[in-house]
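Trainee:
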Amino acid sequence: MPHSIISNICEGVAICQEACPVDCINLSNGINNKGKNFYFIEFTKCIDCGVCLAVCPVKGAVIPDERPDLQNTSQ
Ligand code: SF4
Ligand code: SF4
27 MPHSIISNIC EGVAICQEAC PVDCINLSNG INNKGKNFYF IEFTKCIDCG VCLAVCPVKG
87 AVIPDERPDL QNTSQ
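Everything in the sequence shown is counted per this note's numbering, starting at 27 for the first residue and increasing by one.
So, in C-alpha cells, the structure goes:
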C-alpha cells in the first residue's frame with residue numbers, strides 16, 4: 027500500500043524526497059498549519075518500500091497507508 031505524508035505534520039525537511047528510490051515525493055505549493063511547505067507522495071508511483079518512513083525525523087509525518095484525506099496533494 028502506498029505511504030502518505032500527513033500534510034499538517036510534515037515540516038518540509040525533504041530528507042524523504044532525497045531518499046525515495048523512485049522519486050515520487052514532491053513539494054506542494056501549499057503552506058500547512060505549522061506554516062511550513064509540505065511534501066506529498068504520488069500514490070500511483072510509490073512502491074511501498076518504507077524508506078521515507080524510516081528517514082523522516084518528524085514523528086507521525088509519514089504513515090504506511092494511503093490516506094488522501096490526510097495528505098494534501100495540491101501542486
Ligand atoms: S515527511 Fe518528514 S522527511 Fe519528508 S519532508 Fe516531511 S518532515 Fe521532511
Ligand atoms: S514508501 Fe518508498 S517509494 Fe513510497 S514514497 Fe516512501 S520512499 Fe518513496
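From the three backbone atoms N, C-alpha and C, an ideal C-beta is built for every residue, glycine too.
How would you label residue 100, buried or exposed, when you count the other beta carbons within 10 angstroms and need 16 or more for buried?
Mentor: Exposed, because fewer than 16 other Cβ atoms sit within 10 Å of the Cβ of residue 100.
Trainee: Going by C-alpha to C-alpha distance, which of 33, 51, 35 sits closest to residue 78?
Mentor: Looking at the Cα atoms, 51 is the closest of the given residues.
Trainee: Check residue 79 in the structure and name its three-state DSSP category.
Mentor: The answer is helix: DSSP assigns residue 79 an H, G or I state.
Trainee: Comparing C-alpha positions only, which one of 84, 46, 92, 48 sits nearest to residue 62?
Mentor: Ranking the options by Cα distance to residue 62, first place goes to 84.
Trainee: Do residue 73 and residue 48 have their C-beta atoms closer together than 9 Å?
Mentor: Against a cut-off of 9 Å, the Cβ pair of residue 48 and residue 73 comes out as a contact.
Trainee: Pick out whichever of 37, 81, 86, 91 has its Cα sitting closest to the Cα of residue 69.
Mentor: Closest option to residue 69, Cα to Cα, is 91.
Trainee: When every heavy atom of ligand 1 is checked, does at least one fall within less than 8 Å of the C-beta of residue 50?
Mentor: Answer for residue 50: no, Cβ out of range of ligand 1.
Trainee: Buried or exposed for residue 57, please, with buried defined as at least 16 other CB atoms from any protein chain shown within 10 angstroms of its CB.
Mentor: The residue in question, residue 57, is exposed, as its Cβ has fewer than 16 Cβ neighbours within 10 Å.
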